[in-house]
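Chemist:
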Amino acid sequence: MPDRSAIALPPEGTRSWLADAVVGGGARIVPASEADGLVWTDPADPEGLAGLLDAHPEIDWIQLPWAGIEPYVAIVQAHAERTWTCGKGVYAEPVAEHALALALAGLRHLGPFAGARGWGKPAGVNLLGARVTILGGGGITESLLRLLGPFDCDITVVRRLPAPMQGADRVVGESNIDDALRGAQLVVLALALTPATTGVLDRRRLELLDPAGWVVNVARGGHIVTDDLVEVLAEERIGGAALDVTDPEPLPAGHPLWDEPRCLITPHTGNTPEMAVPLLRARVRENVRRRLAGEPLLGPVDPHAGY
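Each residue of the sequence shown is one higher than the one before, counting from 34 in this note's numbering.
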């Protein structure tokens, strides 16, 4: 019978807070050769994880710390027989808060106002009562729907598997994305990056928005065709874009978006390390506890869907 209390951490994962989370959940930290589970934390070493799993077939549960697992999808699919969990929902609250902040800053023209050196003309539109479309139906969207409640928006959520969501006026499938975008005054991207969602907002779809509409991206830069966004902003086809993620990322110095007055950019700070550590610590501890208790784990990864 597998020893579910034996958990391995990679060398860079031996920081005390992560070890405390594993022990706090009731498990023991052991070498990979003795482990039945693994908490992996390196964001850029899929080859290292693949090699470790090939060398230790007895490891049957892997916890990844991020909500988006793009660098690791191929490995997850190659080892689909194992149980995988990720950070789905862990960072929903801070990222949803950041999405709301970006939306209000964009709609209220705060970027140009903040950089002004003289009294300017009135500008800005309301979020109150706005027509809002959110692409993605995961934890970030659940949190954002709650935060948008006081603004009395008309909200459409587009997700792969439509199902009612509290706070949404309607939830539709991906085949209805054009209708959902048409006339939207705010579009928020909060979905996983997959082959199907890469470039989901190109020029044609950006031009479906209300002429004063804003796009807020707190998901992945690859959801937006960057060159198309540059053109649409330069031609004033939409109100603007607020981006916490970009393609490429980091956005290089001299890129046209840096000089675009209708574009707000934050350096992938929807969730900072200071915010992430206590949230991830709690997730690891809870999943270790659940594993020992035989309860369903949080943040399961679907190897076939890729998230």
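C-beta: ideal position from N, C-alpha, C; glycine also.
1) Got a sec, what are the start and stop residues for the alpha helix (DSSP H) V106 sits in?
2) Would you please state the rounded distance, in angstroms, between the beta carbons of G84 and I40? I believe it to be under 8 angstroms.
3) So which of V334, T166 and V204 has the shortest CA-CA distance to L239?
4) Measuring straight from C-alpha to C-alpha, what distance separates M34 and L325?
5) Take A275 as the anchor and find which of N159, L290, V233 and N320 has the nearest alpha-carbon.
6) Is G101 near A225, with beta carbons less than 8 angstroms apart?
7) Using C-beta distances below 7 angstroms, list every residue in its chain close to R150, excluding the 5 sequence neighbours before and after it, in chain order.
8) May I have the straight-line CA-CA distance separating H131 from V251, to the nearest angstrom?
9) Look at L160 and L219 and say whether their C-beta atoms are less than 8 angstroms apart.
10) Looking at C-alpha atoms only, which residue of A229, R236 and R164 is the closest neighbour of G339?
11) Could you name each continuous beta strand (DSSP E) segment of 3 residues or more that falls completely within the stretch 174 to 259, going from the start of the chain to the end?
12) With H, G and I counted as helix, E and B as strand and the rest as coil, what does DSSP make of P333?
13) I'd like to confirm the pairing. Which residues does DSSP put opposite A275 in its beta bridges?
14) Exposed or buried, which one is H337 when buried takes at least 16 other CB atoms within 10 Å?
15) With R316 as the anchor, note down where its alpha helix (DSSP H) starts and where it stops.
16) Quick check on G70: does DSSP put it in helix, strand or coil?
17) Give me the DSSP bridge partner(s) of R150.
18) Comparing C-alpha positions only, which one of W50, A136 and L97 sits nearest to V249?
19) For a test of the three-state rule: what should DSSP assign to W50, helix, strand or coil?
20) Since L266 and G273 should fall inside the 8 angstroms C-beta cutoff, what is the C-beta to C-beta distance between them, to a whole number of angstroms?
21) To test your reading of the DSSP string, which unbroken beta strand (DSSP E) runs of 3 or more residues are found completely within the stretch 88 to 146?
22) State the Cα-Cα distance for the pair E319 and G58, rounded to the nearest angstrom.
23) Do the stretch 300 to 314 and the stretch 275 to 287 touch if we need at least three Cβ pairs shorter than 8 angstroms?
Modeler: With the given structure in hand:
1) Counting along the chain, the alpha helix (DSSP H) containing V106 begins and ends at V106 to A111.
2) Between the beta-carbon of G84 and that of I40 there is about 19 angstroms, and that puts the pair past the 8 angstroms contact cut.
3) T166
4) Only weak support is given to the placement of M34: the predicted model assigns it a pLDDT of 45, under 50, and the question is left unresolved by the model.
5) Nearest option by C-alpha distance: L290.
6) yes
7) Its chain contains no residue whose beta carbon lies nearer than 7 angstroms to that of R150 once the 5 sequence neighbours on both sides are disregarded.
8) 8 angstroms
9) In this structure, L160 lies near L219, with their beta-carbon atoms less than 8 angstroms apart.
10) A229
11) Fully enclosed beta strand (DSSP E) runs of 3 or longer: 187 to 191, 203 to 205, 219 to 222 and 247 to 250.
12) strand
13) V249 and L297
14) Result: exposed.
15) P306 to A326
16) strand
17) Partner(s): none; R150 has no beta bridge.
18) For the set W50, A136 and L97, the Cα lying nearest the Cα of V249 is the one of A136.
19) W50 sits in a helix when the DSSP states are folded into three classes.
20) 7 angstroms
21) 94 to 96 and 116 to 118
22) 6 angstroms
23) yes
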